[in-house]
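Student: Protein sequence lines, in the order shown, are assigned to chains X and Z.
In this text, residue positions in the first sequence follow this note's numbering: the first is 95, and each later residue adds one.
In this text, residue positions in the second sequence follow this note's numbering: the first is 95, and each later residue adds one.
This is the structure, below, for whatever I ask next.
There are 2 protein chains.
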Amino acid sequence: MQDAPNSRAFARHDHAHCAGDMMARAEALSRDKGLRLTPVRRRTLEILLEAHRALGAYDVLDRLSAEGYGNQPPVAYRALEFLVEQGLAHRIRRLNAFTACMHPGEAHAPAFLICRLCDAVAEAPAAAVRAALDKAASDLGFVIERSNIEALGLCPACRTGAAA
Amino acid sequence: MQDAPNSRAFARHDHAHCAGDMMARAEALSRDKGLRLTPVRRRTLEILLEAHRALGAYDVLDRLSAEGYGNQPPVAYRALEFLVEQGLAHRIRRLNAFTACMHPGEAHAPAFLICRLCDAVAEAPAAAVRAALDKAASDLGFVIERSNIEALGLCPACRTGAAA
DNA sequence: GCTATGTATGTTATACTATAACAAGTCAAG
DNA sequence: CTTGACTTGTTATAGTATAACATACATAGC
Ligand SMILES: [Zn+2]
Ligand SMILES: [Zn+2]
Ligand SMILES: [Zn+2]
Ligand SMILES: [Zn+2]
């Protein structure tokens, strides 16, 4: 059921462990905040974690419907929207896709690094980036509420492996 | 034919002058680089400049077709793609929209500040932001080729004018 | 218990965004 | 005037996202 992950977020790691850890954090977070991490929502998050790369809403929907959940777009979009709002997932606008957050709970304004060859998506720590952005905005009198910082390029593996 | 601009990029200015200036720059740039700034492409850029805010591809298409150009999506998408590739316009992914570049010719990695109330879009200087992003990427061994930096929030006018 | 209320899910239908593929026209070099 | 590169137009279709309504489920009062 699970695609072979073609991304390791730029570094080999014990993926089963990392996914399990994220789920545990998500459940703790839901308990603390009184959120309802229902079966569809939980399964959606698991799907994102298993894929370990950005998935389109319809990719998620395919998997959900194959497991007996609704098979219409709103089912996936609503679950994904919930996860994004709660900070458990992020939306990658450049890819029209979603990815599980790797630092749930920690307040963070992430930057995403997208490899154009292998489609890996890494969530880079971006406190400094966000600070610079806040500065640029406040110079114009603008107050930032949400931000999307996305970069396209080559991940370490693809950079050394291929010349394109 | 021209919408009342609801944005002034956060500052009053002589819009006719600013648009004319941008067109002049675009033509100079095209001459220098041997590009073909054809009627559709030129008109598309003018439309973006007149609107002075981000326009969807279909908004542009409506205007183009009303003026006798083709009325099918590829007409607009191709002209917009050309402008973006030549650095004469930018794509705002958060809005599925396009906006004329306010600094054509100058190498720049812009950040876009999008007001969620009045839809104004400002192109903020973001050299510092981009530098911080490059640093974050290189720490992970990632090489950035293109980036989208977009922020949603409140522009100065909407911040003082309304409490929402 | 039983109902009222809010929330979540399922479903239908449709709107919006984007591109593939091919045909026809334009332009400049040779 | 023919060739070849490029631009525009058109048809058709793919891909992304949401509105609106119906049903089911939970929890909290009564
Ligand atoms: Zn995150
Ligand atoms: Zn890669
Ligand atoms: Zn620009
Ligand atoms: Zn505003």
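For every residue, glycine included, the Cβ atom is placed at its ideal position computed from N, Cα and C.
Residues of the segment 246-257 of chain Z in Cβ contact with chain X at a cutoff of 7 Å, in chain order, please.
Tutor: From the segment 246-257 of chain Z, only Leu246, Gly247, Leu248, Cys249, Pro250, Arg253 have a Cβ closer than 7 Å to chain X.
Student: When you compare each of X/Glu200, X/His202, X/Leu174 to X/Asn190 by their alpha carbons, which one comes out closest?
Tutor: Position 96 of the first sequence holds residue 190 of chain X. Looking at X/Glu200, X/His202, X/Leu174, the one whose alpha-carbon comes closest to that of X/Asn190 is X/Leu174.
Student: Quick check: does the Cβ of X/Glu175 come within less than 6 Å of any heavy atom belonging to ligand 1?
Tutor: For this step, residue 175 of chain X is matched to residue 81 along the first sequence. Not so, every heavy atom of ligand 1 lies at least 6 Å from the Cβ.
Student: Check for me: the alpha helix (DSSP H) holding X/Phe176 runs from which residue to which?
Tutor: Numbered from 1 along the first sequence, position 82 holds the residue referred to as residue 176 of chain X. From DSSP, the alpha helix (DSSP H) with X/Phe176 extends over 167-179.
Student: What is the chain-ordered set of residues for which the beta carbon lies under 7 Å from any non-hydrogen atom of ligand 4?
Tutor: With 7 Å as the limit between CB and the heavy atoms of ligand 4, the residues that fall short of it are Z/Cys209, Z/Leu211, Z/Cys212, Z/Ala214, Z/Leu248, Z/Cys249, Z/Ala251, Z/Cys252.
Student: Note down, in chain order, every chain X residue with its Cβ under 7 Å from the Cβ of Z/Val223.
Tutor: Counting from one through the second sequence, the residue named residue 223 of chain Z turns up at place 129. Within 7 Å Cβ-Cβ: Val223, Ala226, Leu227, Ala230.
Student: When we look at the beta-carbon of Z/Ala118 and count the other beta-carbons within 10 Å, is it buried (16 or more) or exposed?
Tutor: As a working mapping, residue 118 of chain Z is identified with position 24 in the second sequence. It is exposed - the Cβ of Z/Ala118 has fewer than 16 other Cβ atoms within 10 Å.
Student: Any beta carbon of chain Z sitting closer than 7 Å to that of X/Val237?
Tutor: Locating residue 237 of chain X in the first sequence gives position 143, where the first residue counts as 1. Interface residue, yes.
Student: Given that Z/Ser241 touches chain X, what residues does it touch there, using C-beta distances under 8 Å?
Tutor: What you label residue 241 of chain Z is simply residue 147 of the second sequence in a count that begins at 1. Within 8 Å Cβ-Cβ: Ile243, Glu244, Ala245, Leu246.
Student: Say whether chain X places a C-beta atom closer than 7 Å to the C-beta of Z/Leu234.
Tutor: Here residue 234 of chain Z corresponds to residue number 140 of the second sequence, with the count starting at 1. Z/Leu234 counts as touching chain X.
Student: If you measure from the beta carbon of X/Arg259 to each beta carbon in chain Z, is any gap under 7 Å?
Tutor: Absent from the structure is residue 259 of chain X, since the part of chain X shown begins at 95 and ends at 258.
Student: Determine the extent of the beta strand (DSSP E) in which X/Thr138 is found, giving its start and end residues.
Tutor: As a position in the first sequence, residue 138 of chain X is number 44, starting the count at 1. Counting along the chain, X/Thr138 falls outside any beta strand (DSSP E), though it belongs to the alpha helix (DSSP H) covering 133-145.
Student: If you reduce the DSSP assignment to three classes, tell me which class Z/Ala245 lands in.
Tutor: Position 151 of the second sequence, counted from the first residue, corresponds to residue 245 of chain Z. Judged by DSSP in its simplified three-state form, Z/Ala245 adopts strand.
Student: Is Z/His197 near ligand 3, with its Cβ less than 6 Å from a heavy atom?
Tutor: The residue you call residue 197 of chain Z lines up with position 103 of the second sequence. Distances taken from the Cβ of Z/His197 to the heavy atoms of ligand 3 include one shorter than 6 Å.
Student: Below 7 Å between beta carbons: does that hold for X/Ala183 and X/Phe192?
Tutor: In the first sequence, the residue the question calls residue 183 of chain X occupies position 89. In the first sequence, the residue the question calls residue 192 of chain X occupies position 98. Cβ distance < 7 Å, so X/Ala183 and X/Phe192 count as in contact.
Student: Tell me, please, which residues DSSP counts as bridged to X/Phe192.
Tutor: In the first sequence, counting from the first residue as 1, residue 192 of chain X sits at position 98. DSSP output for X/Phe192 lists X/Leu149, X/Arg185 as bridge partner(s).
Student: What residues of chain Z sit near X/Ala218, judged by a beta carbon separation below 8 Å?
Tutor: For this step, residue 218 of chain X is matched to residue 124 along the first sequence. Ala230, Ala231, Asp233, Leu234, Phe236, listed in chain order.
Student: Compute the minimum distance between the beta carbon of X/Pro167 and the heavy atoms of ligand 1, and state whether it is under 6 Å.
Tutor: As a first step, residue 167 of chain X must be located in the first sequence, where it is residue number 73. Not so, every heavy atom of ligand 1 lies at least 6 Å from the Cβ.
Student: Beta-carbon separation of Z/Leu151 and Z/Ala120 under 7 Å?
Tutor: By one-based count along the second sequence, residue 151 of chain Z stands at place 57. By one-based count along the second sequence, residue 120 of chain Z stands at place 26. The residue asked about is misnamed: residue 151 of chain Z is Ala in this sequence, not Leu. No, the pair does not count as a contact, with Cβ atoms beyond the cut-off.
Student: Taking X/Val154 as the reference, which of X/Gly181, X/Ala194, X/Leu131 has the closest Cα?
Tutor: As a working mapping, residue 154 of chain X is identified with position 60 in the first sequence. Per the Cα distances, X/Ala194.
Student: Could you tell me whether the Cβ of X/Arg187 comes closer than 7 Å to any Cβ of chain Z?
Tutor: Looking up residue 187 of chain X in the first sequence gives position 93. Chain Z contact via Cβ: present.
Student: Measuring only from the beta carbon, is Z/Pro204 closer than 6 Å to any heavy atom that is part of ligand 6?
Tutor: No copy of ligand 6 appears in this structure; the ligands present are ligand 1, ligand 2, ligand 3 and ligand 4.
Student: Establish whether the CB of X/Leu182 and some CB of chain Z are separated by less than 7 Å.
Tutor: Along the first sequence, read from residue 1 onward, the residue named residue 182 of chain X stands at position 88. Not a single CB atom of chain Z sits nearer than 7 Å to the CB of X/Leu182.
Student: Any beta-carbon of chain X closer than 7 Å to the one on Z/Ala122?
Tutor: Looking up residue 122 of chain Z in the second sequence gives position 28. Chain X, which has no Cβ nearer than 7 Å to the Cβ of Z/Ala122, makes this no.
Student: Is it buried or exposed for X/Asn165, if we count other Cβ within 10 angstroms and need 16 for buried?
Tutor: Here residue 165 of chain X refers to the residue found at position 71 of the first sequence. Flag for X/Asn165 reads exposed.
Student: How would you label Z/Ser241, buried or exposed, when you count the other beta carbons within 10 angstroms and need 16 or more for buried?
Tutor: Looking up residue 241 of chain Z in the second sequence gives position 147. With 16 or more other Cβ atoms from the protein chains shown falling within 10 Å of its own Cβ, Z/Ser241 counts as buried.
Student: Is the beta carbon of Z/Leu234 sitting closer than 7 Å to the one on X/Phe104?
Tutor: Against the second sequence, residue 234 of chain Z aligns to sequence position 140. Against the first sequence, residue 104 of chain X aligns to sequence position 10. Contact: yes.
Student: Need the endpoints of the alpha helix (DSSP H) that Z/Cys112 sits in, please.
Tutor: Residue numbering aside, residue 112 of chain Z sits at position 18 when the second sequence is read from its first letter. Its alpha helix (DSSP H) spans residues 109-127.
Student: From Z/Glu200 to Z/Gly128, what does the alpha carbon distance come to, in whole angstroms?
Tutor: For the purposes of this step, residue 200 of chain Z is taken as residue 106 along the second sequence, with counting starting at 1. For the purposes of this step, residue 128 of chain Z is taken as residue 34 along the second sequence, with counting starting at 1. Their Cα atoms are separated by approximately 17 Å.
Student: Give the range of the alpha helix (DSSP H) segment to which Z/Leu227 is assigned.
Tutor: To locate residue 227 of chain Z, count along the second sequence from 1; it is residue 133. Looking at the DSSP string, the run of the alpha helix (DSSP H) that includes Z/Leu227 is 221-233.
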